[in-house]
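Visitor: So in the numbering used here, spot 392 of the sequence shown is number 877, and the numbers just go up one at a time. We put the CB at the ideal spot given by N, CA and C, even for glycine. Mind looking over this structure? Questions follow.
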Amino acid sequence: MNILIIGSGGREHALAWALQKSARRAFKLFCAPGNAGIAQLSECVDINATDVSSLAQFAEERKIDLTIVGSEAPLAAGVVDEFERRGLSIAGASRAAARLESSKAFAKDFMARHRVPTARYRIAESVSGAQRILESGEFGGEDASIVIKADGLAAGKGVIVARSRSEASSAVNVLMGGHLVEAAAAKRIVIEEGLEGHEASLLLFSDGRDYALMPAARDHKRVGENDTGPNTGGMGAITDFSVLDDETLRRVVREAVEPTLEGAQAEGFPFRGILFIGLMLTADGPRVLEYNVRFGDPEAQAILVRLQTDLIDVFEAVAHGGLGTVPVRWSDESSACVVLASRGYPSRPEIGARIEGLERAEQHEGVKIFHAGTSRSDTGDWLTSGGRVLGVTAAAQSLESALLRCYSAVNDIHWDGMHFRRDIGKFSGQ
Ligand code: AMP
Ligand code: GLY
């Protein structure tokens, strides 16, 4: 059997590791384009993740039996539709389903159509239209908390949480002026009420009929401790029973998971792939902040270290149906992933620093280190090659023990400019 993973981050390294670990069959793993960590587990192929036709051609030539898509860009570019057109087996969301992530305006209107609880919102197509909405006062006066979101994909940089109406007004100019994200991503924006509460992410596998929930996760998006500084792709993530209590989970399933999957079916794009529901747990109940149509990074790392089922079985069922007969099981533990980043991340990460202590860190009991941005020098040294470099991950009986495992391994790793958050897993005062 030949399997191809599309992507190149820590998430894809965790996918490669989970596939290698749990497979009961002999198979060969490829990753396009992969990274230096993934190259230890699979054959990396130099094809860009959004080069849909080259990926499909490769899959045909190398007789790939199953393709797994890690990141959002290839899904939004229609990789699943193209593979299926050619009769190739692939696990991921179709281009139509990927609009739940690739257009925030589409996602909000979808939520409204299917009565999925979410923040009150308006869509604006121009700066003047947006300013008129703000001035009308419908999202509150000067002291209102208002969130401005670019409609399109923006790698986590397209959302500004404004603490006042004038801040919201500048946020509109910044986003629609193309200063923060590509202009095309912010031709439309979503204006929404600011919500308060703890955040949680609930992910699930779906084959278009049945679904299987993953353990709820929480990530830490801000670069600095106590949730300070700019947003990043994610500086760490945990899974723990405390993220979503049973009663809230049942409510999220009833009010968000099922209406979303039924809504997708009713609108002609039965959801096949991984659905990520970003939630704010407000005093009035859970509200959906966003959908993603793929694993989170670094949520995937924290989630996959708890998977006890053969991941190939799961992805085959996602691609072909039959998820209802695959019991997807998770260890009864907590887990954590601490991201180690380069100096300058998220704005201008420095690369090329020599990473020390990686081999020693990997010896810590129960610790897995997933590579996001690493490369190797001619002499075999590990070098940094991106903003997020490593995800130090562990599962254990309690969240405290998982964090202890991660941070003791982190202590062994060093490079010039390395930084990370010491407060992963702690509630911050948001
Ligand atoms: P999103 O990409 O829509 O999930 O937004 C990114 C982050 O912005 C979320 O994880 C929240 O921390 C924050 N955020 C988004 N929407 C809201 C909202 N309506 N109220 C408060 N914070 C929000
Ligand atoms: N960690 C958030 C994301 O992958 O979207």
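1) Going along the chain, which residues of its own chain have a beta-carbon closer than 6 Å to the beta-carbon of residue 641, five neighbours each way excluded?
2) On the criterion of 16 or more Cβ atoms from any shown chain inside 10 Å, does residue 589 qualify as buried, or is it exposed?
3) My assumption, with CB atoms under 8 Å, is that residue 619 sits in contact with residue 804. Please give the rounded CB distance.
4) Strictly by DSSP, which residues pair up with residue 853?
5) Looking only at its own chain, which residues have a Cβ that is under 6 Å from the Cβ of residue 512, when we skip the five neighbours before and after it?
6) Can you tell me whether residue 685 is buried or exposed? The criterion is at least 16 other CB atoms within 10 Å of its CB, across all chains shown.
7) So the beta strand (DSSP E) residue 633 belongs to, where does it begin and stop?
8) Taking the Cβ atom as the reference point for each residue, do residue 688 and residue 759 lie within a distance shorter than 8 Å?
9) Roughly how many angstroms separate the alpha carbons of residue 458 and residue 648, rounded to a whole number?
10) Unbroken beta strand (DSSP E) runs of length 3 or more, entirely within the region 709-787: which are they?
11) What number of angstroms, rounded off, separates the C-alpha of residue 665 from the C-alpha of residue 812?
12) Please classify residue 587 as buried or exposed, where buried requires at least 16 neighbouring CB atoms within 10 angstroms.
13) If you count every other CB in all the chains shown that lies within 10 Å of the CB of residue 777, and 16 or more means buried, which is it?
14) If residue 434 and residue 821 are in contact, beta carbons under 8 Å, what's the gap, nearest whole angstrom?
15) Going by C-alpha to C-alpha distance, which of 906, 882, 847 and 909 sits closest to residue 894?
16) Using only the alpha-carbon positions, how far apart do residue 570 and residue 538 sit?
17) Quick one: is the Cβ of residue 784 within less than 7 Å of any heavy atom of ligand 2?
18) Skipping 5 residues on each side, what residues in its chain have a beta carbon closer than 8 Å to that of residue 523?
19) Do you know how far the Cα of residue 869 is from the Cα of residue 905?
20) May I ask you to list the residues that DSSP assigns as paired with residue 528?
21) Residue 846: beta carbon under 7 Å from a heavy atom of ligand 1?
22) Out of curiosity, what's the CA-to-CA distance linking residue 533 and residue 858?
23) Quick check on the burial criterion: 16 or more other C-beta atoms within 10 angstroms. Buried or exposed for residue 542?
24) What are the residues that DSSP puts in a beta bridge with residue 696?
25) In or out: residue 786 buried (at least 16 other Cβ within 10 Å) or exposed?
26) Under 8 Å, with one C-beta from each stretch per pair, do the region 880-889 and the region 722-731 reach the 3-pair mark?
27) For ligand 1, I want to know if residue 763 counts as a neighbour, meaning its beta carbon is within less than 7 Å of at least one of the ligand's heavy atoms.
28) Quick one: is residue 909 buried, meaning 16 or more other Cβ sit within 10 Å of its Cβ, or exposed?
29) So what does DSSP say about residue 864, is it helix, strand or coil?
30) Any heavy atom of ligand 1 closer than 7 Å to the CB of residue 659?
31) I'd like to confirm something about residue 716: is its beta-carbon nearer than 7 Å to some heavy atom of ligand 2, or not?
32) Just to confirm before moving on: does the CB-CB distance between residue 577 and residue 554 stay below 8 Å?
33) The beta strand (DSSP E) spanning residue 819 covers which residue range?
34) Exposed or buried, what is residue 914 when buried is set at 16 or more other beta-carbons lying within 10 Å of its beta-carbon?
35) Would the C-beta of residue 604 count as close to ligand 1, meaning under 7 Å from any of its heavy atoms?
36) How about residue 777: is its Cβ closer than 7 Å to a heavy atom in ligand 2?
Guide: The short version:
1) The residue labelled residue 641 in the question sits at position 156 within the sequence shown. Result list for residue 641: 716 and 718, in chain order.
2) Locating residue 589 in the sequence shown gives position 104, where the first residue counts as 1. Buried is the call here.
3) Indexing the sequence shown from 1 puts residue 619 at position 134. Indexing the sequence shown from 1 puts residue 804 at position 319. Actually they do not touch by this definition, with Cβ atoms about 45 Å apart.
4) To locate residue 853, count along the sequence shown from 1; it is residue 368. DSSP output for residue 853 lists 878 as bridge partner(s).
5) Residue mapping note: residue 512 aligns to position 27 of the sequence shown, counting from 1. The answer, listed in chain order, is 486 and 488.
6) Along the sequence shown, one-based indexing puts residue 685 at 200. Result: buried.
7) Position 148 of the sequence shown holds residue 633. Start and end: 631-635.
8) Here the question's residue 688 lines up with position 203 in the sequence shown. Here the question's residue 759 lines up with position 274 in the sequence shown. It is a contact, given that the beta carbons lie within the stated cut-off.
9) Residue 458 is absent from the structure shown; the chain starts at 486 and stops at 915.
10) 713-716, 721-724, 757-767 and 770-777
11) Within the sequence shown, residue 665 is the residue found at index 180, counting from 1. Within the sequence shown, residue 812 is the residue found at index 327, counting from 1. Each residue's alpha carbon lies about 43 Å from the other.
12) Taking the first residue of the sequence shown as position 1, residue 587 is located at position 102. Flag for residue 587 reads buried.
13) Taking the sequence shown and counting its residues from 1, one reaches residue 777 at position 292. The residue is buried, with at least 16 neighbouring Cβ atoms inside 10 Å.
14) Here the chain comprises residues numbered 486 to 915, so residue 434 is not present and cannot be evaluated.
15) As a working mapping, residue 894 is identified with position 409 in the sequence shown. Residue 847 is the option with its Cα nearest to residue 894.
16) Working through the sequence shown from its first residue, we reach residue 570 at position 85. Working through the sequence shown from its first residue, we reach residue 538 at position 53. Linking residue 570 to residue 538 through their CA atoms gives a straight-line distance of about 11 Å.
17) Within the sequence shown, the letter at position 299 stands for residue 784. Yes, ligand 2 has a heavy atom inside 7 Å of this Cβ.
18) One-based indexing of the sequence shown puts residue 523 at position 38. Excluding sequence neighbours, residue 523 sits near 490, 493, 497, 498, 501, 516, 529 and 856.
19) Within the sequence shown, the letter at position 420 stands for residue 905. Within the sequence shown, the letter at position 384 stands for residue 869. Straight-line Cα distance between these residues: approximately 14 Å.
20) In the sequence shown, counting from the first residue as 1, residue 528 sits at position 43. DSSP lists 515 as partners of residue 528.
21) The residue you call residue 846 lines up with position 361 of the sequence shown. Incorrect: residue 846 has no Cβ contact closer than 7 Å to ligand 1.
22) To locate residue 533, count along the sequence shown from 1; it is residue 48. To locate residue 858, count along the sequence shown from 1; it is residue 373. Taking the straight line joining both Cα atoms gives about 15 Å.
23) Taking the sequence shown and counting its residues from 1, one reaches residue 542 at position 57. Answer is exposed; the Cβ neighbour count stays below 16.
24) Walking along the sequence shown from the start, residue 696 turns up at place 211. According to DSSP, residue 696 bridges with 691.
25) Counting from 1 along the sequence shown, the entry for residue 786 is found at position 301. Buried, by the Cβ-count rule.
26) yes
27) Within the sequence shown, residue 763 is the residue found at index 278, counting from 1. Yes; taking the cut-off as 7 Å, the Cβ of residue 763 has a heavy atom of ligand 1 nearer than that.
28) For the purposes of this step, residue 909 is taken as the residue at position 424 of the sequence shown. It counts as buried.
29) Your numbering for residue 864 matches position 379 in the sequence shown. Looking at residue 864 - three-state DSSP - the assignment turns out to be coil, as it is neither helix nor strand.
30) The residue you call residue 659 lines up with position 174 of the sequence shown. Because no heavy atom of ligand 1 lies under 7 Å away, the Cβ of residue 659 does not count as near it: no.
31) As a first step, residue 716 is located in the sequence shown; it is residue number 231 there, counting from the start. Answer for residue 716: no, Cβ out of range of ligand 2.
32) In the sequence shown, counting from the first residue as 1, residue 577 sits at position 92. In the sequence shown, counting from the first residue as 1, residue 554 sits at position 69. Contact: yes.
33) Start at 1 with the first residue of the sequence shown, and residue 819 comes out as number 334. That run of the beta strand (DSSP E) goes 819-826.
34) Your numbering for residue 914 matches position 429 in the sequence shown. Residue confidence for residue 914 is low, a pLDDT of 44 falling below 50, so the modelled location carries little weight and cannot support an answer.
35) Along the sequence shown, one-based indexing puts residue 604 at 119. Residue 604 Cβ: within cutoff of ligand 1.
36) As a position in the sequence shown, residue 777 is number 292, starting the count at 1. Yes, ligand 2 has a heavy atom inside 7 Å of this Cβ.
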